[in-house]
């Protein structure tokens with residue numbers, strides 16, 4: 019992913035395991051995004067956190083030290099998941115044990131999917147998909163996408179100020 023380009027980004031927990039079903043893990047993801055926004059490393063236009071994956075529409079603005087913000091995000095959330103599981107659930111932690119890449123645990127699959135957003139129509143299609151994802155029958159996370167706390171839907175539909183860290187996508191087209 020290139021800096022200052024907008025991407026639709028999907029990252030998945032290893033083996034599609036529903037680690038993110040628990041709100042405490044969803045909050046780790048949100049806190050990490052908010053931190054990177056506050057540090058002017060990224061802009062987030064839309065997001066949803068599902069039980070085993072996340073979708074974002076975002077752009078990386080600046081390197082975070084020697085690494086891109088995406089790498090910082092994946093690394094930081096992985097460390098936070100590790101700390102939480104070490105303190106609360108050794109059995110679940112064992113599920114993420116790995117011998118790959120000189121690490122003991124891996125939470126995110128390596129094949130995260132970035133798709134560069136080419137125009138407003140494409141962005142709006144991806145955003146609709148993101149916001150309707152919790153309604154899909156196999157998830158059945160809510161009956162109203164505005165009520166699903168771990169999505170940017172209410173930011174757009176109800177001007178929800180709890181997501182003041184988001185950037186409205188129309189700012190891209192002014």
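Residue numbers (the working numbering): 19 to 192. Glycine is no exception: its CB is placed at the ideal position from the N, C-alpha and C atoms. From a predicted model like this one, the values you see are computed outputs, not experimental measurements.
Indicate whether residue i and residue j have their beta-carbon atoms separated by less than 8 Å.
i, j, result
"residue 90", "residue 22", "no"
"residue 183", "residue 52", "yes"
"residue 31", "residue 168", "no"
"residue 28", "residue 100", "no"
"residue 175", "residue 158", "no"
Shortest alpha-carbon distance to residue i belongs to which of the options?
i, options, result
"residue 134", "75, 62 and 94", "75"
"residue 34", "69, 152 and 139", "69"
"residue 190", "172, 136 and 157", "136"
"residue 170", "142, 112, 128 and 115", "142"
"residue 79", "63, 96, 73 and 59", "59"
"residue 144", "72, 47 and 57", "72"
"residue 85", "185, 119, 192 and 19", "19"
"residue 103", "61, 46, 139 and 54", "46"
"residue 187", "179, 173 and 180", "173"
"residue 50", "25, 24 and 95", "95"
"residue 110", "118, 192, 37 and 41", "37"
"residue 25", "114, 64, 92 and 44", "64"
From the DSSP secondary-structure annotation, give me the bridge partner or partners of residue i.
i, result
"residue 85", "82"
"residue 65", "74"
"residue 30", "71"
"residue 24", "77"
key: Three CB pairs or more closer than 8 Å across the stretch 146 to 156 and the stretch 117 to 136   = Put simply, the stretch 146 to 156 does not touch the stretch 117 to 136. Fewer than three CB pairs are less than 8 Å apart.
request  = Quick one: which unbroken beta strand (DSSP E) runs of 3-plus residues sit fully inside the stretch 94 to 163? Chain order, please.
outcome  = The qualifying runs are 131 to 134.
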